[in-house]
Amino acid sequence: SRLRAILTSTLLPPPLRPSVPSMQHTSRARQMSRSGCAIAAAPWRRAGVAWRLSLLALGALAQPRGARADPDGFLVMSTPGESKIMWLSLPENGDFAGAVPKTLIDTGLKAPQGIAVDKKRRRLYVADPDAQKIFAYQLSIVSGRLVADAEQITICSGIESRWVAVDGAGTIFFTDEPQNRILKVVADKAMRGMVTPEVVYSDAAEVNKPGGLAVDNFHVFWTNKHFGQEAGSLVRGSESPLSGGDATSLSILAKNSAKCYGVCIAMGNVFFTDSEKALYGVKKFGGPVAEVSGALSRPRGCAWDGDGTVYVADRGAGAVFSFASNMHVISETTLTKAFEIEDAFGLAVLTGAARHLFALPSALLAACLALLAAASAGLLEH
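First residue of the sequence shown: 278, per the numbering used here; consecutive thereafter.
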């Protein structure tokens with residue numbers, strides 16, 4: 278009854294002012310009722326609700342996403358040669374034509390490589406191997422522009438890390454390449470600065486000059502830059518293994534390349550790059566490894582936009598490429614040059630809740646609203 282009241286008050290038109298029926302109309306109505314020809318009001322009201330919900334569905338599907346005040350999201354890039362962090366708004370139609378990367382950070386860094394964005398807390402993490410530090414910056418959106426706070430926070434120091442990742446809980450994961458370690462700092466300690474990291478994996482054969490890093494709240498994925506065909510080109514481990522980095526929690530997902538760099542997760546798929554020209558893909562829990570593209574030139578980091586696109590930094594070509602990542606069967610595909618940026622290396626994406634809402638497939642959204650319409654029609658019958 279409560280749902281009926283809500284639907285009736287919000288979706289049905291206001292009732293007409295009651296009027297006193299004439300004797301002629303009353304008599305005719307009685308005659309129609311006796312003959313079984315009376316028309317119930319409820320079906321018409323139910324049809325009205327269903328019609329209005331259908332209009333709401335069409336409105337939701339047709340509403341231009343670009344009408345919102347802020348962009349759908351931002352792509353953040355590192356350029357080690359220029360000691361900068363850059364950004365671009367994610368375009369509504371995926372077309373970066375005419376887009377020129379803008380500077381986010383141009384002081385206080387030496388050679389920033391791996392980057393990660395904590396979407397919930399709007400924090401940017403930067404691995405700078407030349408400075409041997411992991412830095413953090415608070416991000417904000419001002420008039421549709423991405424802005425980094427002037428304060429640079431040092432998370433930890435004395436570690437030659439080239440890659441960093443952050444999970445949904447805000448825990449930061451990063452590599453210690455010379456020492457063959459995967460480290461982490463939990464969220465509540467991250468912004469205090471200069472903390473001692475916790476060792477996740479160390480002294481494991483599957484950690485051999487670790488390259489790119491990605492996390493999904495349960496597992497940590499990394500590539501190896503040394504002896505990948507023996508140690509594993511791509512490895513999956515637990516975010517919280519047993520004491521001492523229990524090796525039984527490790528799974529080698531690929532052994533197809535000796536030296537690999539970037540890695541990113543896109544739903545059930547994991548994509549990773551080698552040092553020369555190739556981009557590969559494999560399912561998160563294993564399976565055949567497929568070459569997605571062999572037409573790159575020194576590919577490095579990659580990042581998923583939270584919708585259906587993965588971006589890949591190509592350092593040799595001085596550009597960022599994109600491709601549709603929602604592959605049921607991972608296979609070769611064509612990469613599109615999104616925009617040019619010199620010395621592209623690390624990539625990260627900052628998206629908001631609005632983008633994830635509209636990332637629902639249109640057919641799914643329409644089906645949900647159709648079910649709601651059918652349910653409301655049934656509810657109003659009682």
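Backbone N, C-alpha and C fix where the C-beta goes; we use that ideal spot for every residue, glycine too.
Close beta carbons around residue i, own chain, < 7 Å, minus the five adjacent residues each side
i      : result
GLU617 : GLY595, ALA596
LEU381 : VAL353, ILE362, MET363, TRP364, LEU423, ALA425
LYS614 : ALA596, PHE598
GLY435 : GLN409
ARG592 : ARG575, ARG577, ASP620, ALA621, PHE622
ASN485 : ASN457, ASN501, HIS503, PHE504, ALA508
GLN247 : This structure cannot settle anything about residue 247, because the visible part of the chain is limited to 278 through 659.
GLY585 : ALA601, SER602, ASN603
SER515 : HIS496, SER526
THR431 : LYS410, PHE412, GLY470, MET471
Cut-off 6 Å between Cβ atoms - residues of its own chain near residue i, not counting five sequence neighbours on either side
i      : result
GLY558 : ASN546, PHE548, ALA567, VAL569, ILE607
ALA408 : LYS387
THR550 : TYR538, GLY539, LEU556, PRO576
GLY488 : THR500, LYS502, CYS537, TYR538
ALA376 : LEU365, PHE616
LEU530 : LEU511, ARG513, VAL559, GLY563
GLY571 : LYS554, ALA555
ALA535 : GLY505, GLN506
LYS561 : GLY545, VAL547
ALA524 : ALA481
Exposure label - residue i; buried when at least 16 CB within 10 Å
i      : result
GLN390 : buried
MET471 : exposed
ARG469 : exposed
GLU454 : buried
ASP465 : exposed
LEU511 : buried
GLU483 : buried
GLY421 : exposed
ASP372 : exposed
LEU612 : buried
ALA404 : buried
VAL463 : exposed
LEU573 : buried
LYS379 : exposed
LYS397 : exposed
GLY578 : buried
GLY505 : buried
ALA374 : exposed
GLY583 : buried
HIS605 : exposed
Cβ-Cβ separation, residue j to residue i (assumed contact under 8 Å), whole Å
i      : j      : result
SER602 : ALA543 : 4 Å
LYS532 : GLY509 : 6 Å
MET354 : GLY623 : 7 Å
ALA467 : ALA427 : With 8 Å as the limit, ALA467 and ALA427 do not qualify as a contact, their Cβ atoms being about 19 Å apart.
LEU490 : PRO474 : Their Cβ separation, rounded to whole angstroms, is 13 Å, which puts LEU490 and PRO474 out of contact at 8 Å.
THR356 : GLU619 : 6 Å
ALA590 : CYS541 : Incorrect: roughly 11 Å between the Cβ atoms, too far for contact.
PRO518 : SER526 : 4 Å
ILE411 : PHE451 : 6 Å
ALA625 : ILE392 : 5 Å
Chain-order list of residues whose beta-carbon lies under 8 Å from that of residue i (same chain, five-residue window excluded)
i      : result
LEU416 : VAL394, ARG399, ARG400, LEU401, LEU423, VAL424, ALA425, ASP426, LEU627
SER669 : With the chain covering 278 to 659 only, the question about residue 669 has no answer from this structure.
PRO406 : ALA388, GLN390, GLU437, SER438, ARG439, GLU454
THR610 : VAL569, SER570, PHE600, ALA601, MET604
GLY358 : ALA388, GLU619, ASP620
Within-8 Å CB hit, residue i to chain D
i      : result
ARG458 : Among the chains in the structure shown there is no chain D, since it carries only a single protein chain.
Item to check | the stretch 438-447 contacting the stretch 494-502, beta-carbon criterion three pairs below 8 Å | outcome: As far as the Cβ criterion goes, the stretch 438-447 touches the stretch 494-502, which means the pair count is three or higher.
Next on the checklist: With three or more beta-carbon pairs closer than 8 Å as the criterion, would you say the stretch 476-483 touches the stretch 428-444?
Outcome noted: no
Checklist entry - Fully enclosed by the stretch 471-520, which alpha helix (DSSP H) runs are 4 residues long or longer? => result 505-508
Checklist entry - Which runs of the alpha helix (DSSP H) fall wholly inside the stretch 519-568 and span at least 4 residues, in chain order? => result Qualifying alpha helix (DSSP H) stretches: none in this window.
Item to check | beta strand (DSSP E) runs wholly inside the stretch 425-456, at least 3 long, in chain order | outcome: 430-434, 441-443, 449-453
Next on the checklist: Quick check on the DSSP output: what are the complete beta strand (DSSP E) runs of length 3 or more inside the stretch 374-416, in order along the chain?
Outcome noted: 379-382, 392-395, 400-405
Checklist entry - Which runs of the alpha helix (DSSP H) spanning at least 4 residues fall entirely within the stretch 568-637, listed in chain order? => result The stretch 568-637 contains these whole alpha helix (DSSP H) runs: 630-635.
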